[in-house]
Amino acid sequence: NAGVTQTPKFQVLKTGQSMTLQCAQDMNHEYMSWYRQDPGMGLRLIHYSVGAGITDQGEVPNGYNVSRSTTEDFPLRLLSAAPSQTSVYFCASSPNPDSVGYTFGSGTRLTVV
Amino acid sequence: AQKITQTQPGMFVQEKEAVTLDCTYDTSDPSYGLFWYKQPSSGEMIFLIYQGSYDQQNATEGRYSLNFQKARKSANLVISASQLGDSAMYFCAVQGGGADGLTFGKGTHLIIQP
Numbered sequence: 001n002a003g004v005t006q007t008p009k010f011q012v013l014k015t016g017q018s019m020t021l022q023c024a025q026d027m028n029h030e031y032m033s034w035y036r037q038d039p040g041m042g043l044r045l046i047h048y049s050v051g052a053g054i055t056d057q058g059e060v061p062n063g064y065n066v067s068r069s070t071t072e073d074f075p076l077r078l079l080s081a082a083p084s085q086t087s088v089y090f091c092a093s094s095p096n097p098d099s100v101g102y103t104f105g106s107g108t109r110l111t112v113v
Numbered sequence: 114a115q116k117i118t119q120t121q122p123g124m125f126v127q128e129k130e131a132v133t134l135d136c137t138y139d140t141s142d143p144s145y146g147l148f149w150y151k152q153p154s155s156g157e158m159i160f161l162i163y164q165g166s167y168d169q170q171n172a173t174e175g176r177y178s179l180n181f182q183k184a185r186k187s188a189n190l191v192i193s194a195s196q197l198g199d200s201a202m203y204f205c206a207v208q209g210g211g212a213d214g215l216t217f218g219k220g221t222h223l224i225i226q227p
């Protein structure tokens, strides 16, 4: 049981490049979400999904796309990377957010130069 | 929109003392959940405790308890008998009834001193 797996753990991008941060969970959780963590800012919600085929925007969605074609996977796409997207990205999943906590992945540290 | 306020950027506490980390929240949802997470220096997010808005009793999980005062919109985390391994960042978060993800506070950096 791997939990929530994020890849890669570290990435350096040049401004304007695109990439996909991968998130996979093997717990059959319906609810998944992406956050970014910047120094002094706490975690902020980028996008979330309440099941396969259903996604919605969070607090800071600009510059990011998501899709949820399967229950297991919830990739986050950066369309054209900018230095302001330098951050640590966390993916999380939950079977029932109204009664239990979310399980977080170990994070992806992204630097855009 | 939801908001979490954590007014203690940092705290120093002697080992074995009890610790209270403050959290106030604001939400327009009649049904919501409150969460506390621990983030050690290694960076992972560890779920500690959950409190539902309609729960009559304060949540407890081992040495962690949540002091929930609904009228004051307060959800303080209490750690009993602190240990050196409790040194970490602690985040309070709220989720509305629509399961639309978590809104976090900026966190409290707790340092336990021997």
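These protein sequence lines map, in sequence, to chains A and B.
Using this note's numbering, you'd call the opening residue of the first sequence number 1 and step up by one each time.
Using this note's numbering, you'd call the opening residue of the second sequence number 114 and step up by one each time.
We treat Cβ as the ideally placed atom computed from N, Cα and C, and that holds for glycine.
- Of the candidates 133(B), 213(B), 201(B) and 221(B), the residue whose Cα lies closest to the Cα of residue 152(B) is 201(B).
- In the DSSP assignment, residue 136(B) falls outside any beta strand (DSSP E), carrying neither H nor E.
- Counting along the chain, residue 116(B) sits inside the beta strand (DSSP E) bounded by residues 116-118.
- The C-beta separation of residue 37(A) from residue 108(A) comes to about 11 angstroms, leaving the pair out of contact by the 8 angstroms criterion.
- Identification of residues in the segment 211-223 of chain B having a C-beta nearer than 8 angstroms to some C-beta of chain A yields 212, 213, 214, 215, 216, 217, 218, 219 and 220, given in sequence order.
- Using a C-beta cut-off of 8 angstroms, the segment 59-73 of chain A makes no contact with the segment 116-125 of chain B, since fewer than three inter-stretch Cβ pairs fall below that distance.
- Against residue 208(B), the close residues of chain A are 97, in the order they occur along the chain (beta-carbon pairs closer than 7 angstroms).
- Of all residues in the segment 45-77 of chain A, only 45, 48, 50, 56, 58 and 59 come within less than 8 angstroms of chain B when Cβ atoms are compared, listed by chain position.
- Using a Cβ-Cβ cut-off of 7 angstroms, residue 100(A) is close to 163 of chain B, given in chain order.
- Taking 8 angstroms as the Cβ-Cβ cut-off, the segment 26-46 of chain A approaches chain B at 31, 33, 35, 40, 41, 42, 43, 44 and 45, given in chain order.
- Taken through DSSP and simplified to helix, strand or coil, residue 197(B) comes out as helix.
- The C-beta of residue 225(B) has 16 or more other C-beta atoms within 10 Å across all chains shown, which makes the residue buried.
- The distance from the Cβ of residue 18(A) to that of residue 78(A) is about 6 angstroms, consistent with a contact at the 8 angstroms cut-off.
- Cβ-Cβ distances below 7 angstroms link residue 84(A) to nothing in the same chain once the five nearest sequence neighbours on each side are left out.
- Your pair residue 217(B) and residue 42(A) checks out as a contact, with CB atoms roughly 4 angstroms apart and the cut at 8 angstroms.
- For residue 70(A), there is no enclosing beta strand (DSSP E), as DSSP marks it with neither H nor E.
- Judged by DSSP in its simplified three-state form, residue 87(A) adopts strand.
- Residue 158(B) and residue 145(B) do not touch by the CB rule: their CB atoms are close to 20 angstroms apart, not below 8 angstroms.
- Taking C-beta atoms as the reference points, residue 103(A) and residue 27(A) count as a pair closer than 9 angstroms.
- Contact annotation, residue 183(B) with residue 166(B): C-beta distance approximately 7 angstroms; criterion of less than 8 angstroms satisfied.
- For residue 19(A), DSSP records a beta bridge to 78(A).
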